[in-house]
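**Student:**
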Amino acid sequence: MKLLHIDSSALGAASITRELGAAVVARWSEAVDGLQVEYRDLDRDPLPHLDGASLAKADPARAEEDERVLQQFLDADVVVVGAPMYNFAIPSTLKAWIDRIAVAGRTFRYTADGPQGLAGGKTVIVASGRGGLHAGAPTDFQEPYLQAVFAFLGIKQVQFVRAEGVALSPQHRTEALAAAHASIPAVAPRPQARVAEPLAA
Ligand SMILES: Cc1cc2nc3c(=O)[nH]c(=O)nc-3n(C[C@H](O)[C@H](O)[C@H](O)COP(=O)(O)O)c2cc1C
6 MKLLHIDSSA LGAASITREL GAAVVARWSE AVDGLQVEYR DLDRDPLPHL
56 DGASLAKADP ARAEEDERVL QQFLDADVVV VGAPMYNFAI PSTLKAWIDR
106 IAVAGRTFRY TADGPQGLAG GKTVIVASGR GGLHAGAPTD FQEPYLQAVF
156 AFLGIKQVQF VRAEGVALSP QHRTEALAAA HASIPAVAPR PQARVAEPLA
206 A
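First residue of the sequence shown? That's 6 in my numbering, and the numbers climb one at a time after it.
1. What beta strand (DSSP E) runs, 3 residues minimum, are completely inside the region 127–160?
2. Just list the residues that DSSP pairs residue 7 with in beta bridges.
3. Measure the alpha-carbon distance for residue 17 versus residue 163 and round it to whole angstroms.
4. What do you get for residue 62, buried or exposed, if any count of 16 or more other CB atoms within 10 angstroms of its CB means buried?
5. Between residue 88 and residue 22, how many whole angstroms is the CB-CB distance? I'm expecting something under 8 Å.
6. Please report the distance separating the alpha-carbon of residue 197 from that of residue 6.
7. Rounded to the nearest angstrom, what separates residue 38 and residue 193 at their Cα positions?
8. Given that a residue counts as buried once 16 or more other Cβ atoms are within 10 Å of its Cβ, and exposed if not, what is residue 12?
9. Report whether the distance from the Cβ of residue 6 to the nearest heavy atom of ligand 1 is below 6 Å.
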């Protein structure tokens, strides 16, 4: 079984999402014998913005790297994504990664019946951190966005491990982090079979 671990926080060792994502990966590593873990730190090793040259595959080295990023995602049974809220949404480094994995004909396609996700069967766990309180609020363009993107790719199983309100006070931060650790889901015994998932348009 393969697990892909993505980090995107710019706060280094002080990062909550890095801490939570690492705890999720540790849980999977304990539970699954021989788990193969691949890791990318998008803060230390960012992908460039998707631009016209990228789409045209004008630079062979760039195109090769983009294909490697896509294949790494396709190969993973479990994807753990560290996703802080930045300006109500996600870090642009994480958006650049999503721009490489959302590829027509590879992870989704349009049909006469609407879009169809082609990357189903994976489990995605998002380690989410927010300074304020946004759950269920119209200010949340981070978690609903990630849920929508992964659903569009056919992934039904998206779990959120959330620490929010961490900037409100030191006590909020401590309590939110403890609650987030306690909410880390148990490891499902087997991933779902990989099937294309039809989606409403
Ligand atoms: C550049 C930047 C933008 C941020 N924007 C928001 C925001 O819009 N709303 C919010 O509640 N918190 C915001 N925060 C606070 C972070 O969401 C919070 O610090 C969270 O813990 C970040 O995750 P991390 O600790 O893994 O980096 C922002 C932090 C940074 C550094």
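For glycine and all other residues, C-beta sits at the position ideal for the given N, C-alpha and C.
**Tutor:** Taking the coordinates as given:
1. Correct list: 128–135.
2. On the sequence shown, residue 7 is found 2 positions in, with the first residue counted as 1. Its beta-bridge partners are 41.
3. As a working note, residue 17 is residue 12 in the sequence shown. As a working note, residue 163 is residue 158 in the sequence shown. Distance between the alpha carbons of residue 17 and residue 163 is about 25 Å.
4. The sequence position of residue 62 within the sequence shown is 57, counting from 1. Flag for residue 62 reads exposed.
5. Taking the first residue of the sequence shown as position 1, residue 88 is located at position 83. Taking the first residue of the sequence shown as position 1, residue 22 is located at position 17. Contact flag correct, Cβ pair sits at about 6 Å.
6. In the sequence shown, residue 197 corresponds to position 192, counting from 1. In the sequence shown, residue 6 corresponds to position 1, counting from 1. Residue placement at residue 197 is poorly supported in this model, since its pLDDT is 49, which falls under 50; the coordinates still yield a value, given next. The alpha-carbon atoms of residue 197 and residue 6 are separated by roughly 12 Å.
7. Position 33 of the sequence shown, counted from the start, is the residue given in the question as residue 38. Position 188 of the sequence shown, counted from the start, is the residue given in the question as residue 193. Taking the straight line joining both Cα atoms gives about 13 Å.
8. Within the sequence shown, residue 12 is the residue found at index 7, counting from 1. When all chains shown are included, residue 12 counts as buried.
9. What you label residue 6 is simply residue 1 of the sequence shown in a count that begins at 1. No, since every heavy atom of ligand 1 falls outside the 6 Å radius drawn around the Cβ of residue 6.
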